[in-house]
Amino acid sequence: MKSYSLYIGGEDVEGAGWTYAIRASALLRDARAAFKLKRGLELGRDGVEPNEDVVGRCARSGPEDNERALRAAREASRTYGTFPLKVRSRILRDFNRTLAERTGELIDILVAEGHPRRLAQWEVSGMLRGTDETTVSWYETQLRQTFLAGGNRLDLVRKPDGVVCVNPPQNASGSNGTLGVFALLAGNAVVVKAPRTTPLSVMFVYRDVMAPILDRYSAPPGTLNLISGPTVPILNSWIGSPLVDDILFFGDSTVGLQVGQRCLAEGKKAILELAGNDGFVVWEDADIEAAARALEECFYGSSQICMVPKYAIVHPAVADAFIELVLERVRKLRPGYPEDPAVLLSPVLKVDRFFDFIAEARTGGGEVLCGGGRVDVDGMPAADGLFCEPTVLRIDGLDRAGALSCVKEETFFPLLPIIVPESRPGDRLLREVIDVVNANGYGLRNSFWSGDDQIARRFAEQVTNGGLLKINDSHIGFVSPLSTHGGTGLTGGPYGELNYVGLRTTHLQGISWGDGDPRPLDARVTAAGAAKE
Numbered sequence: 005m006k007s008y009s010l011y012i013g014g015e016d017v018e019g020a021g022w023t024y025a026i027r028a029s030a031l032l033r034d035a036r037a038a039f040k041l042k043r044g045l046e047l048g049r050d051g052v053e054p055n056e057d058v059v060g061r062c063a064r065s066g067p068e069d070n071e072r073a074l075r076a077a078r079e080a081s082r083t084y085g086t087f088p089l090k091v092r093s094r095i096l097r098d099f100n101r102t103l104a105e106r107t108g109e110l111i112d113i114l115v116a117e118g119h120p121r122r123l124a125q126w127e128v129s130g131m132l133r134g135t136d137e138t139t140v141s142w143y144e145t146q147l148r149q150t151f152l153a154g155g156n157r158l159d160l161v162r163k164p165d166g167v168v169c170v171n172p173p174q175n176a177s178g179s180n181g182t183l184g185v186f187a188l189l190a191g192n193a194v195v196v197k198a199p200r201t202t203p204l205s206v207m208f209v210y211r212d213v214m215a216p217i218l219d220r221y222s223a224p225p226g227t228l229n230l231i232s233g234p235t236v237p238i239l240n241s242w243i244g245s246p247l248v249d250d251i252l253f254f255g256d257s258t259v260g261l262q263v264g265q266r267c268l269a270e271g272k273k274a275i276l277e278l279a280g281n282d283g284f285v286v287w288e289d290a291d292i293e294a295a296a297r298a299l300e301e302c303f304y305g306s307s308q309i310c311m312v313p314k315y316a317i318v319h320p321a322v323a324d325a326f327i328e329l330v331l332e333r334v335r336k337l338r339p340g341y342p343e344d345p346a347v348l349l350s351p352v353l354k355v356d357r358f359f360d361f362i363a364e365a366r367t368g369g370g371e372v373l374c375g376g377g378r379v380d381v382d383g384m385p386a387a388d389g390l391f392c393e394p395t396v397l398r399i400d401g402l403d404r405a406g407a408l409s410c411v412k413e414e415t416f417f418p419l420l421p422i423i424v425p426e427s428r429p430g431d432r433l434l435r436e437v438i439d440v441v442n443a444n445g446y447g448l449r450n451s452f453w454s455g456d457d458q459i460a461r462r463f464a465e466q467v468t469n470g471g472l473l474k475i476n477d478s479h480i481g482f483v484s485p486l487s488t489h490g491g492t493g494l495t496g497g498p499y500g501e502l503n504y505v506g507l508r509t510t511h512l513q514g515i516s517w518g519d520g521d522p523r524p525l526d527a528r529v530t531a532a533g534a535a536k537e
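The sequence shown finishes on residue 537 if you use the numbering used here, and the numbering steps up by one all the way, no holes.
Pasting the structure below:
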């Protein structure tokens with residue numbers, strides 16, 4: 005059983021108690037017994053001892069621990085921010101190398117926390133690709149640049165903001181929480197809050213992998229701080245604290261945009277990673293078999309991931325054939341225990357909205373092509389099943405689809421609407437589809453599939469929505485040095501874009517190195533004045 009104390013100011017701190025993590029498969033087998041065990045351990049009841057279903061525990065922080073972490077970070081930021089970029093780059097390179105060596109351990113932790121093994125492998129792929137040599141080298145070109153101009157040496161340097169607080173989401177705490185390492189690359193001190201529901205992956209990444217590396221490079225105590233506790237009071241303390249400069253927040257768009265407004269009012273920078281409603285467009289000349297494989301990515305983790313495709317628009321010329329290919333793949337998906345390498349689906353939290361969206365789609369003219377029910381871990385129909393069947397809808401007409409919640413809003417459950425537009429001349433239809441994609445209130449990722457390079461280029465040039473656009477590629481795949489996260493609209497707020505945390509947690513400073521001869525006027529102005537004389 006893994007056991008993690010809080011980590012504050014370079015020391016392990018006991019905390020105010022323990023949060024115990026129970027293996028997700030144990031919860032699926034017997035939820036009542038698993039919760040009873042968890043509760044008994046956390047209350048310290050006599051006779052309750054950890055068994056093989058207890059994966060680990062994480063210390064809980066109190067208000068005094070949170071304040072101490074912020075003070076330690078502020079103190080460390082003064083020294084760590086002066087570490088040369090080449091040293092900070094080595095730290096991230098060592099992190100990537102160590103994480104690669106310990107990939108198996110991390111995947112096992114993610115599986116224990118409830119991530120199907122295939123999903124966990126994808127998450128760790130993103131963590132490795134997002135911190136690889138290509139990415140680190142690219143960051144080095146962005147964090148410091150030098151030019152010669154007019155006899156002066158000019159430096160453009162991104163200076164660290166100071167103290168960055170990271171609030172990972174519970175559905176992907178380990179992978180999303182890892183974005184905080186880029187704040188370290190930028191020269192900031194960091195405070196990371198591990199979610200109480202899934203703290204182990206966050207603690208493993210930072211306490212087991214990153215903390216020893218920082219020690220090797222003599223980073224000051226407090227450069228990295230790890231706490232775990234209730235989100236609302238901790239977030240409120242961050243927003244109100246003069247010790248905090250930036251907050252990296254993951255969560256619901258409504259809550260996240262409010263966090264952004266509150267941060268702005270307090271003079272803080274909010275970096276928002278919120279909801280997604282990704283579009284996936286298939287044109288008439290696309291490789292529809294490859295596109296169908298990519299669209300299956302919608303159902304990773306039962307679609308409870310922001311960056312999976314959430315709706316598809318398919319050219320009417322290939323719609324019927326494409327939909328059949330998708331259905332063949334979707335009908336093979338099944339629930340199960342996360343340890344099973346064939347399983348891709350996870351228990352669904354927002355079951356009521358799943359059925360509400362389906363009912364609205366049916367009323368609005370949509371057709372359920374497969375799925376639509378609730379099942380247990382063995383895939384059998386069950387009124388109280390924890391899983392929802394992967395469900396595919398067909399909706400004919402862009403206008404009809406645009407009125408439905410399953411197209412307009414984020415669906416955090418396995419429901420895929422496939423929209424088939426009315427037949428139109430090619431150029432007009434492409435314009436209409438691009439307009440639909442750009443009108444999406446969210447803006448994380450979009451995909452386009454076409455065998456015509458000119459059409460694909462036009463789509464790429466005219467789609468302004470989103471932080472990332474994938475052309476004839478895996479929708480959820482990672483390609484360094486492109487960032488793994490970030491988006492526009494309800495995904496990232498008014499300042500949202502492809503999110504390079506190592507840049508967003510800095511501010512740009514220009515430095516001019518003169519030759520000792522102060523010349524405030526442009527030579528052309530001086531020459532004009534001399535001519536008049």
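Glycine included, each C-beta is placed from N, C-alpha and C at the ideal position.
If you follow the alpha helix (DSSP H) that I515 is in, where does it begin and where does it stop? As a first step, residue 515 must be located in the sequence shown, where it is residue number 511. Counting along the chain, I515 falls outside any alpha helix (DSSP H), though it belongs to the beta strand (DSSP E) covering T510 to W517.
When the Cα atoms are used, what is the spatial distance from S9 to L390? On the sequence shown, position 5 is the one that residue 9 refers to. On the sequence shown, position 386 is the one that residue 390 refers to. Distance between the alpha carbons of S9 and L390: 32 Å.
Between the stretch 370-388 and the stretch 282-289, can you find at least three pairs of beta-carbon atoms closer than 8 Å? no
Span separating the alpha-carbon of N100 from that of T138: Taking the first residue of the sequence shown as 1, we reach residue 100 at position 96. Taking the first residue of the sequence shown as 1, we reach residue 138 at position 134. For N100 and T138, the distance between alpha carbons rounds to 11 Å.
Could you tell me the alpha carbon to alpha carbon distance between D249 and D388, rounded to whole angstroms? On the sequence shown, position 245 is the one that residue 249 refers to. On the sequence shown, position 384 is the one that residue 388 refers to. The alpha-carbon atoms of D249 and D388 are separated by roughly 45 Å.
When we look at the beta-carbon of V78 and count the other beta-carbons within 10 Å, is it buried (16 or more) or exposed? The residue labelled residue 78 in the question sits at position 74 within the sequence shown. Correcting the residue identity first, residue 78 is Arg in this sequence and not Val. Flag for R78 reads buried.
Go ahead and pull the three-state DSSP assignment for R4. In the structure displayed, the chain extends from 5 to 537; residue 4 sits before or after that span and is not available.
Hey, could you find the ends of the beta strand (DSSP E) D159 is sitting in? Here the question's residue 159 lines up with position 155 in the sequence shown. From DSSP, the beta strand (DSSP E) with D159 extends over N156 to P164.
Just the Cα atoms here: how many angstroms apart are V58 and L434? Position 54 of the sequence shown, counted from the first residue, corresponds to residue 58. Position 430 of the sequence shown, counted from the first residue, corresponds to residue 434. About 54 Å.
Given this structure, state the Cα-to-Cα distance separating A527 from C169, to the nearest angstrom. Start at 1 with the first residue of the sequence shown, and residue 527 comes out as number 523. Start at 1 with the first residue of the sequence shown, and residue 169 comes out as number 165. Straight-line Cα distance between these residues: approximately 48 Å.
Run of the alpha helix (DSSP H) containing D69, from where it starts to where it stops: Taking the sequence shown and counting its residues from 1, one reaches residue 69 at position 65. Note, D69: alpha helix (DSSP H), P67 to Y84.
In three-state terms, what does DSSP make of R449? Indexing the sequence shown from 1 puts residue 449 at position 445. It is a strand residue.
Could you please give the first and the last residue of the uninterrupted alpha helix (DSSP H) stretch that includes F361? Numbered from 1 along the sequence shown, position 357 holds the residue referred to as residue 361. F361 -> alpha helix (DSSP H) spans V355 to T367.
What beta strand (DSSP E) runs, 3 residues minimum, are completely inside the stretch 388-438? 395-400 and 419-424
With H, G and I counted as helix, E and B as strand and the rest as coil, what does DSSP make of I309? The residue you call residue 309 lines up with position 305 of the sequence shown. If DSSP states are grouped into helix, strand and coil, I309 belongs with coil.
Am I right that A321 and W453 are in contact with their C-beta atoms under 8 Å? What's the rounded C-beta distance? Position 317 of the sequence shown, counted from the start, is the residue given in the question as residue 321. Position 449 of the sequence shown, counted from the start, is the residue given in the question as residue 453. Actually they are not in contact, since the Cβ atoms of A321 and W453 sit about 13 Å apart, beyond 8 Å.
Where the beta strand (DSSP E) through L110 begins and ends: Looking up residue 110 in the sequence shown gives position 106. Per DSSP, L110 belongs to no beta strand (DSSP E); it is in the alpha helix (DSSP H), T107 to A116.
Assuming the contact rule is C-beta atoms closer than 8 Å, G280 and T492 should be a hit. Round their C-beta distance to whole Å, please. Counting from one through the sequence shown, the residue named residue 280 turns up at place 276. Counting from one through the sequence shown, the residue named residue 492 turns up at place 488. Their Cβ separation, rounded to whole angstroms, is 11 Å, which puts G280 and T492 out of contact at 8 Å.
If you count every other CB in all the chains shown that lies within 10 Å of the CB of Y11, and 16 or more means buried, which is it? Taking the sequence shown and counting its residues from 1, one reaches residue 11 at position 7. That one is buried.
Count the other CB atoms within 10 Å of the CB of F3; is the residue buried (16 or more) or exposed (fewer)? With the chain represented from 5 up to 537, any question about residue 3 goes unanswered, as that position is not in the structure.
Run through the DSSP bridge pairs and tell me what R378 is partnered with. Here residue 378 refers to the residue found at position 374 of the sequence shown. According to DSSP, which records beta bridges pairwise, R378 is partnered with C392.
Comparing C-alpha positions only, which one of T227, R200, M131 and D282 sits nearest to V483? Residue mapping note: residue 483 aligns to position 479 of the sequence shown, counting from 1. Of the listed residues, the one whose Cα sits closest to V483 is M131.
Go through its chain and collect everything with a Cβ distance to F303's Cβ below 8 Å, but skip five positions before and after it. Taking the first residue of the sequence shown as 1, we reach residue 303 at position 299. Counting only Cβ-Cβ distances below 8 Å, and skipping sequence neighbours, we find V312, V334, L337, L348, L349, P394, P418 and L420.
Beta-carbon gap between S7 and R61 smaller than 8 Å: Residue 7 sits at position 3 when you count from the first residue of the sequence shown. Residue 61 sits at position 57 when you count from the first residue of the sequence shown. Yes, these two residues count as a Cβ contact at 8 Å.
C-beta contact flag for E46 and G21 at 8 Å: What you label residue 46 is simply residue 42 of the sequence shown in a count that begins at 1. What you label residue 21 is simply residue 17 of the sequence shown in a count that begins at 1. Closer than 8 Å, so yes.
Assign T461 to one of two classes, buried (16 or more other C-beta atoms within 10 Å of its C-beta) or exposed (fewer than that). Residue mapping note: residue 461 aligns to position 457 of the sequence shown, counting from 1. According to the sequence displayed, residue 461 carries Arg and not Thr. That one is exposed.
Closest residue to G19 among A28, R36 and D69 (Cα-Cα distance): Within the sequence shown, the letter at position 15 stands for residue 19. The candidate whose alpha carbon is nearest that of G19 is D69.
Q513 vs K163 beta-carbon contact at 8 Å: For the purposes of this step, residue 513 is taken as the residue at position 509 of the sequence shown. For the purposes of this step, residue 163 is taken as the residue at position 159 of the sequence shown. Result yes, Cβ atoms of Q513 and K163 sit closer than 8 Å.
Measure the alpha-carbon distance for P522 versus A153 and round it to whole angstroms. Taking the first residue of the sequence shown as 1, we reach residue 522 at position 518. Taking the first residue of the sequence shown as 1, we reach residue 153 at position 149. Distance between the alpha carbons of P522 and A153: 15 Å.
Limits of the unbroken alpha helix (DSSP H) element including W126: Along the sequence shown, read from residue 1 onward, the residue named residue 126 stands at position 122. Counting along the chain, the alpha helix (DSSP H) containing W126 begins and ends at R121 to G134.
With a cut-off of 8 Å on the beta carbons, I'd call A76 and L204 a contact; round off their distance for me. Walking along the sequence shown from the start, residue 76 turns up at place 72. Walking along the sequence shown from the start, residue 204 turns up at place 200. The Cβ separation is near 23 Å, so there is no contact.
Would you report the Cα separation of A464 and V441, rounded to the nearest angstrom? Indexing the sequence shown from 1 puts residue 464 at position 460. Indexing the sequence shown from 1 puts residue 441 at position 437. A464 and V441: Cα-Cα distance of roughly 11 Å.
In the DSSP assignment, find the alpha helix (DSSP H) that holds Q265 and state where it starts and stops. Position 261 of the sequence shown, counting from 1, holds the residue named residue 265. Start and end: S257 to A269.
On the CB-based measure, 16 or more other CB atoms within 10 Å of its CB, does S257 come out buried or exposed? The residue labelled residue 257 in the question sits at position 253 within the sequence shown. With 16 or more Cβ atoms within 10 Å of its Cβ, S257 is classed as buried.
Tell me which same chain residues have a C-beta within less than 6 Å of the C-beta of I95, skipping the five on either side of it? Position 91 of the sequence shown holds residue 95. For I95, where only same-chain residues beyond five positions count, the Cβ hits under 6 Å are I217 and Y221.
Simplified DSSP state of P216, which is helix, strand or coil: Here the question's residue 216 lines up with position 212 in the sequence shown. It is helical.
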